[in-house]
Amino acid sequence: MHDDLVHHTHGENCRHAEDHRRHAAEALARAERICRERGLRLTPIRRQALEALQADHRPVGAYDLADRISPAGGRRLAPISIYRALDFLVEQGFVHRLSSKNAYIACLHGHGANEVVAFLICEVCGGVDEDSSPAMKKAVAAIAETRQFSPSHQMVEIVGRCEHCRNAASS
Numbered sequence: 008m009h010d011d012l013v014h015h016t017h018g019e020n021c022r023h024a025e026d027h028r029r030h031a032a033e034a035l036a037r038a039e040r041i042c043r044e045r046g047l048r049l050t051p052i053r054r055q056a057l058e059a060l061q062a063d064h065r066p067v068g069a070y071d072l073a074d075r076i077s078p079a080g081g082r083r084l085a086p087i088s089i090y091r092a093l094d095f096l097v098e099q100g101f102v103h104r105l106s107s108k109n110a111y112i113a114c115l116h117g118h119g120a121n122e123v124v125a126f127l128i129c130e131v132c133g134g135v136d137e138d139s140s141p142a143m144k145k146a147v148a149a150i151a152e153t154r155q156f157s158p159s160h161q162m163v164e165i166v167g168r169c170e171h172c173r174n175a176a177s178s
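Residue numbers for the sequence shown follow my numbering, beginning at 8 and rising by one.
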């Protein structure tokens, strides 16, 4: 990371934040509906974790998430409780785990569990954009078929600079 950009933040006016604001309520309603249809419970801790992740356009680690959803002035939730909630949210497709960051981000797009998903992770501001396309799905399928490989997860993490940070660096 370049030192001149380390302190650059564009916060709530960036496209990452706008995408999260625009889709968060819809994603929460979808999660509630899916839980009802599957006979699952969106417990208070699961809901709080999901809402906290939906409110942030950057990946959040489990311990940071515990701090965010623990009662103000009260005891911090046990890490095992947070990890159980995150495991549930990932299993249901409501949240993604970004391996390169060892952190979690809300899935706002409602794609299928076997969908090929790319995460564009800005190395400057930390924002993440999620994308999926038929062309990407076809390319990943071709690579897997060539290698006779059967993928269990189809996530691609691409690290670089978002448009805003790239433009800020050139001005």
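Heads up, the beta-carbon is just placed ideally off N, CA and C, and yes, glycines get one too.
What's the C-alpha gap between Q161 and Q155?
15 Å
Where does A85 sit, in a helix, a strand or coil, going by DSSP?
coil
Are V102 and L57 closer than 8 Å when you measure CB to CB?
yes
Give the straight-line distance between the Cα atoms of A110 and G80, rounded to the nearest whole angstrom.
25 Å
For the alpha helix (DSSP H) that L2 lies in, which residues bound it at each end?
A question about residue 2 goes unanswered here, because the residues of the chain that appear run from 8 up to 178.
Can you give the Cα-Cα distance for S140 and F126, rounded to whole angstroms?
12 Å
What are the boundary residues of the alpha helix (DSSP H) that includes L72?
A69 to I76
Return helix, strand or coil for C129, following the three-state DSSP convention.
strand
Please classify V123: does DSSP put it in a helix, a strand, or coil?
coil
Would you mind working out which of V131, P158, D138 and A151 sits nearest A175, comparing C-alpha positions?
V131
Quick one: give me the first and last residue of the beta strand (DSSP E) that R173 is part of.
First-last for R173: E170 to S177, but that is the alpha helix (DSSP H), not the beta strand (DSSP E).
Write down the C-beta distance between R168 and C129 rounded to the nearest angstrom, noting that I regard them as a contact closer than 8 Å.
6 Å
Which of helix, strand or coil DSSP assigns to H103
strand
Could you check how far apart the C-beta atoms of L105 and P66 are, in whole angstroms? I think they sit under 8 Å.
5 Å
I'd like the span of the alpha helix (DSSP H) that includes A146, first residue to last.
P141 to T153
Those residues which DSSP pairs with A110 across a bridge
L105
Which same chain residues end up closer than 8 Å to L93 when comparing Cβ atoms and leaving out the 5 residues on each side of it in sequence?
A56, A69, L72, V102, R104 and Y111
Whole-angstrom C-beta distance between F95 and R43, which should lie under 8 Å
The pair is not a contact, with the Cβ atoms about 15 Å apart (cut-off 8 Å).
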